[in-house]
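Undergrad:
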Amino acid sequence: MMKRPSHSDRDEALARRIGQLREEGRPLDADPELTADPLGRALLALAEEAVPHPQPARSERIWQRIAAQMHRQAADRAPHRRPQVRRLHWRRALAVTVVLLAAGLGWWLYAGKESTPVLVAAAEAASEVYTAPDGSQITLRPHSQLYQVVASETVLRYRLEGEAFFDVVHRPTRQFQVEAGPVRVTVLGTRFDVRTWGGVEVFLETGRLQLEGPRGQRQVLTDGQRSRLTADGHLTPPEPAPAATYLDWLQGQLTFVQEPAAQVAAELAHHFGVRLTLPEPYASQTLSGTLTLDSLPQVLQDLGRVLGGRFVEVAPKHYRFEADAKR
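Take the sequence shown: its position 185, counting from 1, is numbered 213 in our numbering, and each next residue is one higher.
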């Protein structure tokens with residue numbers, strides 16, 4: 029005689045199924061087995077109203093809604109059963125919910141359907157190349173980090189801190205997205221550069237990009253265009269930009285044309301992971317030229333000579349510009 033599966037066996041199978049979906053980055057409501065289970069439907073319904081990091085009072089209300097939902101599910105499935113049986117069903121459902129929350133699956137109820145960002149690549153003193161699951165190549169500039177936010181069959185999303193060059197493989201069935209601060213970049217196949225140091229900027233070498241800013245504003249970039257995020261949260265209209273300004277670091281150089289010295293110093297500071305202090309009026313002086321990024325002492329010497337002075341280390345990894353006395 030075949031043994032019928034017990035409640036504990038079914039609960040364990042449900043918990044394993046939810047865990048598998050979370051690991052795969054797939055939405056729970058897309059699974060027919062989960063949506064067919066009364067407890068699964070209750071958890072999904074509750075998740076629609078959940079918010080990150082609930083306060084104690086909010087948590088109590090969430091538990092009350094779990095209880096009410098479980099009770100209704102029990103009544104719908106077996107209205108002819110005695111109250112004692114329904115109480116046992118409720119206790120079983122509550123126990124499973126507690127197990128799921130304790131296992132970390134409850135985070136999904138409060139934080140939504142996206143996975144916790146996971147660090148997948150980091151560049152320290154040298155550039156690093158990361159190959160995404162879809163074959164896309166991502167080159168991280170020194171002192172930059174790349175986090176994976178979502179990896180599903182339809183979306184591959186990353187979060188960037190620093191700067192990186194993306195060479196994305198065209199996949200018609202999967203969107204490739206990059207979060208850069210409050211800006212989201214969506215692509216389907218292209219080559220572009222994103223930076224977050226000193227403000228968010230996106231430069232498109234080839235292809236097509238859609239940018240969405242924090243105020244819901246959207247911009248579409250085509251070949252050779254860039255857009256920046258202003259201090260008040262707006263995306264600037266697409267405009268042509270020299271590729272060397274954004275891609276020269278891939279060749280170990282820094283090229284600038286009529287750029288304020290403060291911008292040049294900010295880029296060097298990020299690239300070498302140091303702090304550079306450049307007072308006025310030198311910070312506003314416009315410069316044009318090329319610096320080789322092989323050696324920090326050499327590049328500081330070259331920049332200091334152009335500005336008419338030198339950079340002095342005043343603290344570990346902190347350099348301050350001092351003008352020559354004769355100036």
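All residues carry an ideal CB built from backbone N, CA and C; glycine is no exception.
In this text the structure is predicted, and so the values were computed from the model without any measurement.
Excluding the five sequence neighbours on either side, which residues of its own chain have a C-beta within less than 6 Å of the C-beta of Arg187, listed in chain order?
TA: Pro145, Tyr175, Val177 and Glu207
Undergrad: State buried or exposed for Gln326, treating a residue as buried only when at least 16 other CB atoms are found within 10 Å of its CB.
TA: exposed
Undergrad: Confirm, please, whether the CB-CB distance from Ser155 to Val196 is below 7 Å.
TA: no
Undergrad: Roughly how many angstroms lie between the CA atoms of Thr167 and Leu232, to the nearest whole one?
TA: 15 Å
Undergrad: Would you list the one or two residues that DSSP bridges to Pro288?
TA: Thr314
Undergrad: Based on Cα-Cα distance, which residue from His198, Ala192, Ala160 and Arg254 lies nearest to Pro270?
TA: Taking each of His198, Ala192, Ala160 and Arg254 in turn and checking the Cα distance to Pro270, the smallest one comes out for Arg254.
Undergrad: I'd like the span of the alpha helix (DSSP H) that includes Asp221, first residue to last.
TA: Note, Asp221: premise wrong, no alpha helix (DSSP H); beta strand (DSSP E) at Arg219 to Arg223.
Undergrad: Near Thr182, which residues of its chain fall below 8 Å by C-beta distance, leaving aside the five closest residues on each side in sequence?
TA: Thr201, Arg202 and Gln203
Undergrad: Restricting to Cα atoms, I'd like to know which of Ala192, Leu239 and Glu341 is closest to Val215.
TA: Leu239
Undergrad: Would you identify the three-state DSSP class for Glu191, choosing helix, strand or coil?
TA: strand
Undergrad: Checking the sheet assignment: what are the DSSP bridge partners for Thr214?
TA: Gln205 and Gln238
Undergrad: Alpha carbon to alpha carbon, how far is Arg348 from Gln281?
TA: 22 Å
Undergrad: Is it true that the CB of Ala353 sits closer than 7 Å to the CB of Gly337?
TA: no
Undergrad: DSSP on His262, reduced to helix/strand/coil?
TA: coil
Undergrad: By Cβ distance, which residues of its chain are closer than 6 Å to Phe9, with the 5 residues on each side in sequence left out?
TA: The first residue shown for the chain is 29 and the last is 355, placing residue 9 beyond what the model contains.
Undergrad: Going by the C-beta, is Phe284 closer than 6 Å to any heavy atom of the ligand FAD?
TA: This structure does not include the ligand FAD; it has no bound ligands of any sort.
Undergrad: Taking the straight line between their C-alpha atoms, what separation do you get for Arg199 and Arg212?
TA: 18 Å
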